[in-house]
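Taking it in order: structure first as structure tokens, then the write-up.
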Amino acid sequence: MPELPEVEIVRQSLDKNIKQKKVKKVIIRNKNLRFKLPTHFKNFLENKKITRVTRFSKYIILNLPKNEFCIIHLGMSGTLHLIKDKNKNNLTNLSFYNSPLLPKNHNHIEIIFNKFKVVYNDPRRFGFFQLIKTIKNLNKRFSHLGPEPFDKKFNVKYFKNFIKNKKKKVKDLLIDQKFVSGIGNIYVSEILFLSKINPYKKVNLLNKKECNIIIENSKTILLKAIKKGGSSIRDFKNTEGSKGNFQDSFKVYQRNGLNCKRIGCKGIITKKVIANRSTFFCNTCQN
DNA sequence: AAGAGGCCCTGATAGC
DNA sequence: TGCTATCAGGGCCTCT
Numbered sequence: 244m245p246e247l248p249e250v251e252i253v254r255q256s257l258d259k260n261i262k263q264k265k266v267k268k269v270i271i272r273n274k275n276l277r278f279k280l281p282t283h284f285k286n287f288l289e290n291k292k293i294t295r296v297t298r299f300s301k302y303i304i305l306n307l308p309k310n311e312f313c314i315i316h317l318g319m320s321g322t323l324h325l326i327k328d329k330n331k332n333n334l335t336n337l338s339f340y341n342s343p344l345l346p347k348n349h350n351h352i353e354i355i356f357n358k359f360k361v362v363y364n365d366p367r368r369f370g371f372f373q374l375i376k377t378i379k380n381l382n383k384r385f386s387h388l389g390p391e392p393f394d395k396k397f398n399v400k401y402f403k404n405f406i407k408n409k410k411k412k413v414k415d416l417l418i419d420q421k422f423v424s425g426i427g428n429i430y431v432s433e434i435l436f437l438s439k440i441n442p443y444k445k446v447n448l449l450n451k452k453e454c455n456i457i458i459e460n461s462k463t464i465l466l467k468a469i470k471k472g473g474s475s476i477r478d479f480k481n482t483e484g485s486k487g488n489f490q491d492s493f494k495v496y497q498r499n500g501l502n503c504k505r506i507g508c509k510g511i512i513t514k515k516v517i518a519n520r521s522t523f524f525c526n527t528c529q530n
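With positions in the first sequence counted from 1, the corresponding number in the working numbering is that position plus 243.
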């Protein structure tokens with residue numbers, strides 16, 4: 244489900260609701276996520292205060308006291324739900340668990356606070372939670388990832404240097420998290436459309452100007468998506484159940500067979516599989 | 001060593 | 001109605 248904008252929306256609503264709140268209880272209903280939950284998961288979190296909720300790339304970071312962290316990755320289908328307990332403090336109340344706001348199945352983890360709880364749901368279980376005990380280890384955890392698009396480090400010099408001796412397709416480059424982290428399969432199509440660059444273009448053929456355009460448009464698209472609350476294809480919602488609106492702004496994603504939206508272009512949006520993922524582009528105005 | 005491709009998993013939808 | 005096939009926002013691993 245989530246690329247950087249959706250994860251940021253989840254982070255914002257999480258931070259608003261659980262910052263400075265103490266975890267009362269953790270219930271693990273299924274520990275077999277992408278990585279098996281460590282045995283001390285429950286003990287690690289219980290009775291600790293969440294100092295704040297931050298994010299790097301597509302990872303949510305629950306900051307705990309004494310430089311301890313719990314990172315959450317939503318994979319393809321993970322969602323976090325904020326459920327308020329109308330019956331106040333009764334943590335074992337069944338109606339609280341069976342909230343109509345929750346999906347019926349795959350509610351794997353519940354983090355219970357006073358009068359509300361956060362529930363992690365993930366049908367495909369590609370998501371995961373990991374515990375990290377020092378800042379050093381937190382940095383190490385993300386060390387293989389490239390800068391976010393907003394980072395000053397994501398500049399032309401870095402770009403040109405990275406693509407040196409590489410011949411992969413530009414679509415493949417932009418979803419490579421080692422190059423730039425946070426862009427996923429939806430936004431790469433939108434960024435390349437805005438840049439008028441064909442997703443098949445080999446990176447060794449990109450000139451400096453094109454690199455610059457990609458850098459700028461990556462920021463533009465992701466920021467716009469964040470402003471619109473993310474993209475709700477299928478069923479993305481923030482923790483409080485509101486949908487995003489950026490899907491209404493898609494120029495190419497899932498628009499195969501439809502007219503190109505670029506003014507003056509008579510092209511038709513095409514869908515092709517690149518790097519094992521559906522890719523959408525106009526083969527008239529994207530060269 | 002870069003790049004292509006497969007795999008982890010469940011559910012929704014399309015096609016017969 | 002009910003079967004099977006295909007596809008889905010990610011990331012990691014293996015093979016060539």
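Just so you know, even glycine gets a beta-carbon here, dropped at the ideal spot from N, CA and C.
query, result
"Among R384, N526, N488 and D328, which one has its Cα closest to the Cα of L501?", "N526"
"Candidates Y302, E453 and P308: which alpha carbon is nearest T294's?", "P308"
"Could you check whether the segment 259-268 touches the segment 347-364, counting it as contact only if at least three pairs of C-beta atoms, one from each stretch, sit closer than 8 Å?", "yes"
"Could you please give the first and the last residue of the uninterrupted beta strand (DSSP E) stretch that includes L325?", "T322 to K327"
"Is the segment 372-385 in contact with the segment 322-331, if contact means three or more CB pairs nearer than 8 Å?", "no"
"Quick check: the segment 475-490 against the segment 442-453, are at least 3 beta-carbon pairs closer than 8 Å?", "no"
"From the DSSP output, which residues share a beta bridge with V296?", "L305"
"According to the neighbour-count rule (16 or more other Cβ atoms, all chains shown, within 10 Å of its Cβ), is F422 buried or exposed?", "buried"
"Please confirm whether N531 and I512 have their CB atoms less than 7 Å apart.", "Given a span of 244 to 530 for the chain in the structure shown, any question on residue 531 remains unanswerable."
"Consult DSSP for K360 and reduce its assignment to one of helix, strand or coil.", "strand"
"Using the three-state DSSP reduction, which class does I476 fall into: helix, strand or coil?", "coil"
"May I have a chain-ordered list of the alpha helix (DSSP H) segments no shorter than 4 residues that lie completely inside the segment 449-530?", "451-470"
"Taking all protein chains shown into account, do 16 or more other C-beta atoms lie within 10 angstroms of the C-beta of H316, making it buried, or fewer, making it exposed?", "buried"
"For N481, is the classification buried or exposed, using 16 other Cβ atoms within 10 angstroms of its Cβ as the cut-off for buried?", "buried"
"Do you know offhand how far L345's Cα is from L466's?", "29 Å"
"Going by beta carbon distance, what residues of the same chain come within less than 6 Å of G321, once the five residues before and after it are set aside?", "D365 and G370"
"What residue range does the alpha helix (DSSP H) around I252 cover?", "L247 to I261"
"With C-beta atoms as the reference, is I406 less than 7 Å away from Y430?", "no"
"Excluding the five sequence neighbours on either side, which residues of its own chain have a C-beta within less than 6 Å of the C-beta of P248, listed in chain order?", "L465, A468, I469 and G473"
"Where does D360 land, buried or exposed, given buried means 16+ other C-beta within 10 angstroms?", "A small correction: the amino acid at residue 360 is Lys; Asp does not occupy that position in the sequence shown. Buried, because 16 or more other Cβ atoms sit within 10 Å of the Cβ of K360."
"Under DSSP, the beta strand (DSSP E) around F312 begins and ends at which residues?", "E311 to H316"
"Output the distance between the C-alpha atoms of N306 and K462, rounded to the nearest integer angstrom.", "26 Å"
"Entirely within the segment 263-290 and at least 4 residues each: give me those alpha helix (DSSP H) ranges in chain order.", "284-288"
"Give the DSSP-derived three-state secondary structure of E433 in the structure shown.", "helix"
"Per DSSP, what are the beta-bridge partners of F422 in this structure?", "BP columns for F422 are empty, so no partner."
"Name the DSSP beta bridge partners of I375, please?", "F312"
"Classify I271 as buried or exposed, calling it buried when 16 or more other Cβ atoms lie within 10 Å of its own Cβ.", "exposed"
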